[in-house]
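One structure below.
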Amino acid sequence: MRDIKDTIAAISTPPGEGALAVVRLSGNRALPLAAMAFRGKSGLESVPSHTLHVGTLLSASGTAIDTVVASVYRSPHSYTGEDVVEFSTHGGYYVARRALEELISRGARLAKPGEFTFRAFLNGRLDLAQAEAVADLIASRTERSHAASLRQLEGDLSREVKGIRDDLVELCGLLEVELDFSDEDLEFIDRREMKKKFASAIARLDGLLSSYAAGRLIHDGVRVAIVGSPNVGKSSLLNALTREERAIVSSAPGTTRDTIEVELNIGGILFRVVDTAGLRESVDDIEVEGIRRAYRQIRTADIVLLVIDASRPPIDGEVELLRRMTEDGTIQRLLLIRNKSDLPVSEEWSDEGSSFLDRLESVSVSALKGDGLDSLNEKLLKMSVGDTQSSESHPLLVSARHKDAVERAMSALQMSLRSLEEERGGEFICVDLRNSIDSLGEIIGVVTTDDILANIFSKFCVGK
Ligand SMILES: Nc1nc2c(ncn2[C@@H]2O[C@H](COP(=O)(O)OP(=O)(O)OP(=O)(O)O)[C@@H](O)[C@H]2O)c(=O)[nH]1
Ligand SMILES: [Mg+2]
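Residue numbering for the sequence shown is 144 to 607, as defined by the working numbering.
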């Protein structure tokens with residue numbers, strides 16, 4: 144994909160019937176290739192950048208394919224930094240494909256996934272974190288994930304990473320000069336001053352790392368598992384949250400077997416809520432499998448909603464089950480749902496044995512009547528993204544790749560600081576400092592490998 148001599152072409156709109164489709168062309172020969180297939184008032188090769196031209200797209204034999212609008216962007220002022228022509232054709236299954244074939248038969252090459260954005264990266268139009276944000280922006284489905292990817296595209300994260308990296312590069316540079324004069328025992332920067340700079344970089348990296356807990360959930364969505372004993376109203380709760388009869392509800396315990404997943408938008412965040420089989424000892428093979436699946440959901444959930452039927456006393460083994468859940472260190476966040484609040488509360492939930500439940504975050508709801516759902520939604524939001532606001536000034540870390548790089552940068556920086564504190568030689572401080580600089584460089588693409596790039600751009604759609 145690093146070969147940027149070819150002129151590439153692709154359909155940039157999704158397949159299917161629609162009013163318009165866009166066929167995009169980028170590269171050295173984009174203008175002559177487009178001009179060959181286009182008949183309009185002016186020849187496309189000589190028109191100025193950022194202009195639109197109505198005309199006819201022609202096959203090699205001169206027959207008309209479609210009436211189109213050609214948008215012309217000249218290098219370097221285009222998305223890719225190269226000459227770019229975009230043909231807006233009529234939509235549908237045939238026309239855009241036919242137009243693409245025509246451009247390819249005249250010498251363009253079919254673009255690989257993400258290749259336009261890859262060229263934008265190679266030509267310095269975007270850094271790597273910004274290029275990744277393009278894919279995220281396209282994939283975003285809620286207000287908050289959209290806002291996060293837009294901010295990353297605008298360079299929020301890149302600026303912060305570059306700022307920290309520049310400071311470290313400067314430190315490293317001074318240490319290296321010092322090493323060159325090591326015979327003379329000179330110190331170019333005061334060690335106290337240096338420690339301050341380290342502390343500031345560590346604090347900034349720490350800020351990024353701590354934004355990841357919320358950033359990941361904003362980016363990937365929040366997995367919520369609804370669990371509890373049979374018949375407590377788990378499926379009713381799922382239906383109430385979605386305002387749809389999604390899962391079967393019945394008064395017979397053991398109704399739900401398979402897991403049922405729905406997606407909800409709460410406060411601009413995507414929640415993937417899963418209803419599961421009621422947890423109990425069972426000899427029924429299908430139910431046992433359902434319960435196994437329920438436990439799998441519990442292990443992978445970001446938030447577990449532990450549902451009880453507060454209108455009846457605990458059933459056999461239920462208190463024990465609840466206690467196990469609350470003590471299970473693998474469960475990240477637990478919210479107790481006291482369901483059936485439309486009925487009188489059973490006193491037995493206040494017994495000594497159940498007092499540990501009072502220490503849990505909880506909410507009373509009636510899945511049947513829809514009471515308490517607003518407060519449940521509020522708690523879900525607070526437990527997942529806390530107080531992070533979409534407009535907050537600190538950049539968010541949303542991708543596992545970035546978090547991994549920041550973690551490596553942090554541990555190298557801490558090792559470097561230790562060398563400094565132990566008053567070891569400048570070369571020791573520098574080795575780790577350079578590693579830290581490189582890790583940060585991976586985020587914005589100053590340091591990359593073909594593997595990293597292939598991995599990132601292969602996730603794009605063709606035509607972007
Ligand atoms: N009064 C009242 N009844 C409810 C409420 N929520 C659920 N129910 C009733 O409780 C019974 C069980 O509801 P489900 O939603 O099927 O319970 P479940 O936890 O999914 O049950 P399993 O799938 O068998 O584990 C049904 O008869 C519901 O109508 C509620 O808030 N108030
Ligand atoms: Mg159910």
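Note that beta-carbon positions come from the ideal geometry of N, C-alpha and C, so glycine has one too.
Ligand 1 heavy atom lying under 7 Å from the CB of Val375: yes
Per DSSP, the bridge partner or partners of His233: Leu163
Contact test: Thr402 Cβ vs ligand 1 heavy atom, cutoff 7 Å: no
Length of the line joining the Cα atoms of Ala173 and Asp310: 41 Å
Alpha-carbon spacing of Leu524 relative to Ala291, whole angstroms: 16 Å
Through-space distance from Val416 to Leu360, alpha-carbon basis: 13 Å
Euclidean distance between Cα positions of Pro256 and Ala177: 21 Å
Status (buried if at least 16 other CB within 10 Å, exposed otherwise) for Ile429: exposed
Candidates Ser505, Lys377, Arg386, of which the one nearest Ala420 by Cα: Lys377
Buried or exposed (CB count within 10 angstroms, at least 16 for buried), Thr399: buried
Glu463 (DSSP reduced to helix, strand or coil): helix
Bridge-paired residues (DSSP) for Gly198: Gly183, Val211
Ser343 versus Val528: straight-line alpha-carbon distance, rounded: 26 Å
Residues that DSSP places opposite Leu448 in a beta bridge: Ile369, Leu478
Member of Leu465, Lys522, Gly513 whose CA lies at the smallest distance from the CA of Phe499: Leu465
Buried versus exposed, by CB contacts within 10 Å (16 or more), Lys339: exposed
Cβ neighbour criterion (16 or more within 10 Å) applied to Glu275: buried
Ligand 1 heavy atom lying under 7 Å from the CB of Lys483: yes
Cβ shell of Thr469 (< 7 Å), same chain only, five flanking positions each side left out: Leu477, Phe499, Leu503
Close beta carbons around Leu563, own chain, < 8 Å, minus the five adjacent residues each side: Arg334, Met337, Lys338, Phe341, Ile572
Cβ-heavy atom distance, Asp418 to ligand 3, below 7 Å: This structure lacks ligand 3; the ligands present are ligand 1 and ligand 2.
Extent of the continuous alpha helix (DSSP H) to which Asn382 belongs: 377 to 385
First through last residue of the alpha helix (DSSP H) which encompasses Glu521: 516 to 528
Contact the region 447 to 454 vs the region 482 to 492: 3+ CB pairs below 8 Å: yes
Cβ contact (3+ pairs, closer than 8 Å) linking the region 278 to 294 and the region 228 to 248: no
Thr592 Cβ short of 7 Å to ligand 2 heavy atom set: no
Separation of Arg389 from Leu381, as counted between CA atoms: 8 Å
Own chain partners of Lys602 with C-beta closer than 8 Å, once the 5 adjacent residues on each side are dropped: Pro256, Gly257, Ala278
Candidates Tyr216, Ile403, Asn266, Asp209: closest to Tyr192 by CA position: It should be pointed out that residue 192 corresponds to Ser in this sequence rather than to Tyr. It is Tyr216.
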